[in-house]
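Undergrad:
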Amino acid sequence: MNLFDNITIGMAAEHTATITPEMTVGHFVEHMPQVYGTPMMILHMEMAAGASIASHLPEGFVSVGMDVKVRHLAATPIGRTVRAISRVMQIEAKSVVFEVEAWDGARKIGDGTHRRVIVNLVEFEKRFGVRQLVMSLD
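Residues in the sequence shown are numbered from 144 upward in steps of one, following this note's numbering.
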C-alpha cells in the first residue's frame, strides 16, 4: 500500500485558537509587543495541515513538518480568535505540500506553504532516540 493512496488534492482542515498572553511574541522576547507570535501562527498552520490528512494515513503513521514558507501579514492582539486553514495542493513522491493561511475574523494575517512527510511513528522515534514521557500520579 502506498502511504499516499488515501490523500487527495483539495483535502482541507482548520485549527482555531483564541490568542492568549502565552502565544505572544512578548511572552518569549522581553520588550516586544503582546501580539500573536509568528512561531505560534506557524504551529497552528502545521496543526491544520497535519489534521487534514491524519485520518487518511495507515495505522501507525503520522505526518511531520519539514518545510515552512510563510508570511505574517498583520498583528493580532490577545483575545482574538485566529483560524489557521490548510489545503493539500501537491502530492509528491515522499511528501505532501499544503497551502496555508491564517485569518483574524475577515482579515488574512498570514499565508504560505508547508510541506509534510509521512513516517512510521515507532520507527521514527527509534531512529531519533525519542522516549515517551511516563506520567506518575503519585
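Quick reminder that beta carbons are idealized off the backbone N, C-alpha and C, glycines included.
Quick caveat, the model's predicted, so the values are computed rather than measured.
Which same chain residues, not among the five before or five after M209, have their C-beta less than 8 Å away from its C-beta?
TA: For M209, where only same-chain residues beyond five positions count, the Cβ hits under 8 Å are S238, R258, R259, V260.
Undergrad: What would DSSP say about S229, mapped onto helix, strand or coil?
TA: The answer is strand: DSSP assigns S229 an E or B state.
Undergrad: Use the C-beta contact count for D247: other C-beta atoms within 10 angstroms, 16 or more gives buried, fewer gives exposed.
TA: Buried, because 16 or more other Cβ atoms sit within 10 Å of the Cβ of D247.
Undergrad: I believe T219 touches Y179 by the beta-carbon criterion, under 8 Å. Please report the beta-carbon distance rounded to the nearest angstrom.
TA: Sure, about 4 Å apart at Cβ, within 8 Å.
Undergrad: Which same chain residues end up closer than 6 Å to V168 when comparing Cβ atoms and leaving out the 5 residues on each side of it in sequence?
TA: The residues are M175, G180.
Undergrad: Looking only at its chain, what residues have a beta carbon closer than 6 Å to the beta carbon of M232, apart from the 5 residues adjacent to it on each side?
TA: Excluding residues within five positions, the ones whose Cβ falls inside 6 Å are V240, E242.
Undergrad: Which two residues bound the contiguous alpha helix (DSSP H) that contains I196?
TA: Start and end: 181-197.
Undergrad: Quick check: the Cα distance between E157 and R214, rounded to an integer number of angstroms?
TA: Taking the straight line from one Cα to the other gives about 18 Å.
Undergrad: So, are the CB atoms of R230 and A160 less than 8 Å apart?
TA: Contact: no.
Undergrad: Kindly indicate which three-state DSSP category P176 falls into: helix, strand or coil?
TA: In this structure, P176 counts as coil in the three-state DSSP scheme.
Undergrad: Looking at the unbroken beta strand (DSSP E) that takes in K269, where does it start and where does it end?
TA: Looking at the DSSP string, K269 is not in any beta strand (DSSP E); the run it does join, the alpha helix (DSSP H), is 264-271.
Undergrad: Can you tell which of I234, A227, F147, A236 has its C-alpha closest to the C-alpha of E244?
TA: The residue with the shortest Cα to Cα distance from E244 is A227.
Undergrad: D254 bridges to which residues according to DSSP?
TA: For D254, which the question treats as bridged, DSSP gives the partners R214, E244.
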